[in-house]
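Asks: To start, I am sharing the structure in question, which I have written as structure tokens.
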Amino acid sequence: MKKELIDSPWNFTLYEENDMKFLEVVYCNSFVDFTREFKLQGDELNYDFEELKTLAEDIRKNYEKYKAREIKDE
117 MKKELIDSPW NFTLYEENDM KFLEVVYCNS FVDFTREFKL QGDELNYDFE
167 ELKTLAEDIR KNYEKYKARE IKDE
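Following this note's numbering, the numbering of the sequence shown begins with 117 at its first residue and continues without gaps.
Below is the structure:
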């Protein structure tokens, strides 16, 4: 079961499920807002709130760098 750990409205939500952590990042695009979910790894697993805010912004600005870790609904 997916457990919400941290929520930063209109920015990101941190979840944990099956001993893995995922960061759901909000993309705000004028008329359409959407989210993408990414698996955290390495040091990211222990990031504090401020570090997660920075990571979410980096993911939004550098999607290509993180797209291999994106969790896609099938």
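Here a beta-carbon is modelled for each residue, glycine too, at the ideal position from N, C-alpha and C. Quick caveat, the model's predicted, so the values are computed rather than measured.
1. Just to confirm, are E132 and I187 a CB contact at a threshold of 7 Å?
2. Roughly how many whole angstroms lie between the Cα atoms of K183 and K177?
3. Quick one: grab the DSSP three-state call for D159.
4. Would T129 be called buried (16 or more neighbouring beta carbons within 10 Å of its own) or exposed?
5. Taking D135 as part of the beta strand (DSSP E), name the residues at either end of that continuous run.
6. Alpha carbons only, please: which of D174, F147, K118 is nearest the one belonging to E160?
Replies: On the basis of the supplied data:
1. Stepping through the sequence shown from its first residue, residue 132 is reached at position 16. Stepping through the sequence shown from its first residue, residue 187 is reached at position 71. Not a contact, by the Cβ cut-off of 7 Å.
2. Within the sequence shown, the letter at position 67 stands for residue 183. Within the sequence shown, the letter at position 61 stands for residue 177. Their Cα atoms are separated by approximately 12 Å.
3. Numbered from its first residue, the sequence shown carries residue 159 at position 43. Helix, per DSSP.
4. What you label residue 129 is simply residue 13 of the sequence shown in a count that begins at 1. Buried, since its Cβ has 16 or more Cβ neighbours within 10 Å.
5. By one-based count along the sequence shown, residue 135 stands at place 19. From DSSP, D135 is part of no beta strand (DSSP E); its letter is neither H nor E.
6. Locating residue 160 in the sequence shown gives position 44, counting from the first residue. It is D174 whose Cα lies nearest to the Cα of E160.
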